[in-house]
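Asker: Before anything else, here's the structure in question.
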Amino acid sequence: MYELVFEEGGVSHRVAIRDGTTMGRSSDNDAVLRDFSVSRHHARIEKDGEVFKIVDLESTNGVKVNDTFVTSAPLAPGDQIAIGNFVLLVESAEERSEGLSSATYLRPLKEFNQDYGLEGEASGVRKLGDRERIFEVLAQVAKTLLQVEELQPVLEKVMDLVFEHLMVDRGFILLYDAEGTPRLELCRARNSEEGEEPEVPLSRTILDMVTRQKLALLTHDAQADQRFDAGRSIRIHQIRSAMCAPLWHREQVMGVIYVDSPLHVGSFSAADLDLLTALANYAAVAIEQARLREHIQREQSVRQRLERYHSPAVIEAVLAAPERSTPPVMLRETSILFADIVSFSTRCESLPPEDVAAFLNQFFSLAAEAVFAYGGTLDKFIGDAVMAFFGAPLPQPDHAERAVRCAVALQKALTVWNRERAVAGLDPVEVRIAIHSGPVVVGDIGSATRVDYTVLGNTVNVAARLEEFVAQPAQIVIGESTQGAIAHLFPTEHLGNVQLKGLSRKIAAYRIKVEEISQAEVGRA
Numbered sequence: 257m258y259e260l261v262f263e264e265g266g267v268s269h270r271v272a273i274r275d276g277t278t279m280g281r282s283s284d285n286d287a288v289l290r291d292f293s294v295s296r297h298h299a300r301i302e303k304d305g306e307v308f309k310i311v312d313l314e315s316t317n318g319v320k321v322n323d324t325f326v327t328s329a330p331l332a333p334g335d336q337i338a339i340g341n342f343v344l345l346v347e348s349a350e351e352r353s354e355g356l357s358s359a360t361y362l363r364p365l366k367e368f369n370q371d372y373g374l375e376g377e378a379s380g381v382r383k384l385g386d387r388e389r390i391f392e393v394l395a396q397v398a399k400t401l402l403q404v405e406e407l408q409p410v411l412e413k414v415m416d417l418v419f420e421h422l423m424v425d426r427g428f429i430l431l432y433d434a435e436g437t438p439r440l441e442l443c444r445a446r447n448s449e450e451g452e453e454p455e456v457p458l459s460r461t462i463l464d465m466v467t468r469q470k471l472a473l474l475t476h477d478a479q480a481d482q483r484f485d486a487g488r489s490i491r492i493h494q495i496r497s498a499m500c501a502p503l504w505h506r507e508q509v510m511g512v513i514y515v516d517s518p519l520h521v522g523s524f525s526a527a528d529l530d531l532l533t534a535l536a537n538y539a540a541v542a543i544e545q546a547r548l549r550e551h552i553q554r555e556q557s558v559r560q561r562l563e564r565y566h567s568p569a570v571i572e573a574v575l576a577a578p579e580r581s582t583p584p585v586m587l588r589e590t591s592i593l594f595a596d597i598v599s600f601s602t603r604c605e606s607l608p609p610e611d612v613a614a615f616l617n618q619f620f621s622l623a624a625e626a627v628f629a630y631g632g633t634l635d636k637f638i639g640d641a642v643m644a645f646f647g648a649p650l651p652q653p654d655h656a657e658r659a660v661r662c663a664v665a666l667q668k669a670l671t672v673w674n675r676e677r678a679v680a681g682l683d684p685v686e687v688r689i690a691i692h693s694g695p696v697v698v699g700d701i702g703s704a705t706r707v708d709y710t711v712l713g714n715t716v717n718v719a720a721r722l723e724e725f726v727a728q729p730a731q732i733v734i735g736e737s738t739q740g741a742i743a744h745l746f747p748t749e750h751l752g753n754v755q756l757k758g759l760s761r762k763i764a765a766y767r768i769k770v771e772e773i774s775q776a777e778v779g780r781a
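If you're matching positions, the sequence shown starts at 257 in this note's numbering and goes up one per residue.
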């Protein structure tokens, strides 16, 4: 690896040479040369095969290589580049001394992967000792990080490894949220008191450079690097020796690891930067896996919650099309169904509690099976009654038909159950069912500590009162809106107009003639 070495105001600067390295007066260059003899974007270094060459970007004062003006020329160690009033020396990174305290190194991730054989063949640029150290640490990282499942323990393990293998005073891990905003997830200081939070000296200038350019950065003295002149936080926090490596996985930078030694200049070497980069690469994989596990756990939790209310078909539809999922509360056209066991209190008066529970479990199983078979949502069990609705969370234009088919299926299932009960010498079970269709408010409704997915509105009240005051044992009673939607499918009988409590007008009530419906006619879901 080659480097550009130049001085300004008695301070030495080093910039790693890579394909695309730029020089100029503007602060967005890799080598910032602050003098009006230098154009804003003066020259660029390009890689041509295995050779680096410098290209003049039509600058005002031109570019000299070894005292000769050039528009393009190859570079080699020992070459001198004259740009305005600056002279830049091309040096080999392996031949220089590590004692230049004001140098800043920019290490592109692609270059790091090539040097350590993580991408194609290893180039052999790094010394064997550095390579062995990296691989030794990576072996430990692989055993440690990839065994941890949750995100926070992963971050703690990453910081443990940083402090174990690098002489840092402070360490910070930031992760980006969905909007791309960095969020501090973990900070640690080597000599901090118990419970003491270290000051966060992060520079947005350094953070943006590392993230945007996908490179690792080492500065021996950020105060002396003109590239960071615009960084107010660097001056405020007196940032000196620091390293920053991106958490990079599958072309995505998900965050950074930042470490520093605020009171010392020249605390880290280029080999330390490579080690931090290697740790960051493995940490990114472990963090991604931890996030994936947390996502799976959330999905499982959502599925378990949905299973309390919805049929498997509805659950699959909701999970397969998250963009269609409903907001917390919304207005929706639905059909509401109530089913209540006749004379439940009398029936269970002499039964022990465990027999009552077994009886209810069997009835509720029949009811839930019928509701789910027609894509309904099981709202709740109310004592010995069942409440369900059709048309939410996913829209169902035929919600009234589905509700009636569910009610008929439940009555047919009760007929079969009663035959079994008769063989066992038990009394038959009769259920009153009522259905009403109309607009409701549907969604997660409740308190700050407990919510239920349910429906509210006058449609619910009408359905409940039709079941309580109009429906007779073994009857399915429906309101006028439901009857209007299903009259062409099922035989109905008008029961008259009924006055229900709380309503200003009478409601036309109808009975489904279950006795005229064959089992084959029930089936369509």
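Beta carbons are placed, not taken as given, at the ideal position from N, Cα and C, and that holds for glycine.
Note that the structure is a prediction, hence the values are computed from the model and not measured.
Check this for me: beta carbons of Val343 and Val424, under 8 Å apart or not?
Answerer: Not closer than 8 Å, so no.
Asker: Can you tell me where the beta strand (DSSP E) with Val410 in it begins and where it stops?
Answerer: Careful: Val410 lies outside any beta strand (DSSP E), inside the alpha helix (DSSP H) at Leu407 to His421.
Asker: In the DSSP assignment, find the beta strand (DSSP E) that holds Lys216 and state where it starts and stops.
Answerer: Nothing can be reported for residue 216, as the shown portion of the chain is limited to 257 through 781.
Asker: Would DSSP call Asp640 helix, strand or coil?
Answerer: DSSP places Asp640 in coil when its eight states are reduced to three.
Asker: Would you identify the three-state DSSP class for Asp596, choosing helix, strand or coil?
Answerer: If DSSP states are grouped into helix, strand and coil, Asp596 belongs with the strands.
Asker: Decide if Arg439 is buried, meaning its Cβ has at least 16 other Cβ atoms within 10 Å, or exposed.
Answerer: By the neighbour-count rule (16 or more Cβ atoms within 10 Å), Arg439 is not buried but exposed.
Asker: When the Cα atoms are used, what is the spatial distance from Val466 to Gln553?
Answerer: Near 32 Å, if we compare the C-alpha coordinates of Gln553 and Val466.
Asker: Hey, His692 and Val718 are a contact pair by Cβ (cut 8 Å); roughly how many whole angstroms apart?
Answerer: Right, the Cβ-Cβ distance comes to about 4 Å (below 8 Å), so this counts as a contact.
Asker: Classify Pro649: buried if its beta carbon has 16 or more other beta carbons within 10 angstroms, exposed otherwise.
Answerer: Buried, because 16 or more other Cβ atoms sit within 10 Å of the Cβ of Pro649.
Asker: Is the CB-CB distance between His476 and Ser497 below 8 Å?
Answerer: Going by C-beta atoms, His476 is nearer than 8 Å to Ser497.
Asker: If I measure Cβ to Cβ from Met586 and keep anything under 7 Å in the same chain, skipping five residues before and after, which residues do I get?
Answerer: Val698 and Gly699.
Asker: So, Gly276 versus Arg300, is the Cβ gap smaller than 8 Å?
Answerer: It is a contact, given that the beta carbons lie within the stated cut-off.
Asker: Is Ile597 closer than 8 Å to Asp640 when the C-beta atoms are compared?
Answerer: Yes.
Asker: Would Pro729 be called buried (16 or more neighbouring beta carbons within 10 Å of its own) or exposed?
Answerer: Pro729 comes out exposed.
Asker: Alpha carbon to alpha carbon, how far is Lys668 from Pro608?
Answerer: When rounded, the distance between both Cα atoms is 28 Å.
Asker: Look up Ala680 in the DSSP assignment and say whether it is helix, strand or coil.
Answerer: Note: Ala680 maps to coil in three-state DSSP.
Asker: Using a Cβ-Cβ cutoff of less than 7 Å, which residues in the same chain neighbour Ala486 once the five nearest sequence positions on both sides are dropped?
Answerer: Here Ala486 scores only 44 on pLDDT, less than 50, and its place in the model should not be relied on; the value that follows carries that caveat. So the list reads Ser283 and Thr461, once near-sequence residues are dropped.
Asker: Among all the DSSP beta bridges, which residues are the ones paired with Asn753?
Answerer: Answer by DSSP bridge pairing, in chain order: Ala764.
Asker: Nearest to Gly631 by alpha carbon, out of Val612, Phe615, Phe637 and Ala659?
Answerer: The shortest C-alpha separation from Gly631 is found at Ala659.
Asker: Look up Lys320 in the DSSP assignment and give the residues it is bridged to.
Answerer: In the DSSP output, where bridge partners are listed per residue, Lys320 has Phe325 and Ala338.
Asker: When DSSP builds the beta bridges, which residues end up paired with Cys662?
Answerer: For Cys662, which the question treats as bridged, DSSP gives no partner whatsoever.
Asker: What three-state label does DSSP hand Gly702 in the structure shown?
Answerer: Residue state, collapsed to three classes: strand.
Asker: Ends of the alpha helix (DSSP H) at Ser737?
Answerer: That run of the alpha helix (DSSP H) goes Glu736 to Ile742.
Asker: Around the C-beta of Glu354, are 16 or more other C-beta atoms found within 10 angstroms, so that it is buried, or is it exposed?
Answerer: Note that Glu354 scores 44 on pLDDT, short of 50, meaning its location in the model is unreliable; the coordinates nonetheless yield the value given after this. Classification for Glu354: exposed.
Asker: So who's on the other strand from Gly694, going by DSSP bridges?
Answerer: Answer is Thr590.
Asker: Can you tell which of Arg281, Asp286 and Asn285 has the C-alpha that lies nearest to the C-alpha of Phe292?
Answerer: When only C-alpha atoms are compared, the closest one is Arg281.
Asker: List the residues that DSSP assigns as beta-bridge partners of Cys500.
Answerer: DSSP output for Cys500 lists Leu473 and Tyr514 as bridge partner(s).
Asker: Determine the burial state of Gly376: buried for a count of at least 16 other Cβ atoms within 10 Å of its Cβ, exposed for fewer.
Answerer: Here the model assigns Gly376 a pLDDT of 44, short of 50, so the residue's position is not dependable, and the following value carries that caveat. The residue in question, Gly376, is exposed, as its Cβ has fewer than 16 Cβ neighbours within 10 Å.
Asker: Which word fits His551, buried or exposed, when buried means at least 16 other C-beta atoms lie within 10 angstroms of its C-beta?
Answerer: Exposed, since its Cβ has fewer than 16 Cβ neighbours within 10 Å.
Asker: Taking all protein chains shown into account, decide if Glu351 is buried (16 or more other Cβ within 10 angstroms of its Cβ) or exposed.
Answerer: Here the model assigns Glu351 a pLDDT of 49, short of 50, so the residue's position is not dependable, and the following value carries that caveat. Exposed is the call here.
Asker: Let me make sure I understand the geometry here. Which of Ser703, Gly694 and Leu666 has the alpha-carbon closest to that of Arg688?
Answerer: It is Leu666.
Asker: Just checking Ala678 against the ligand NAP - is the residue's beta carbon closer than 7 Å to any of the ligand's heavy atoms?
Answerer: The model depicted lacks the ligand NAP and carries no ligand whatsoever.
Asker: For Ala272 and Asp312, what's the separation of their Cα atoms in angstroms?
Answerer: Approximately 19 Å between the Cα atoms of the pair.
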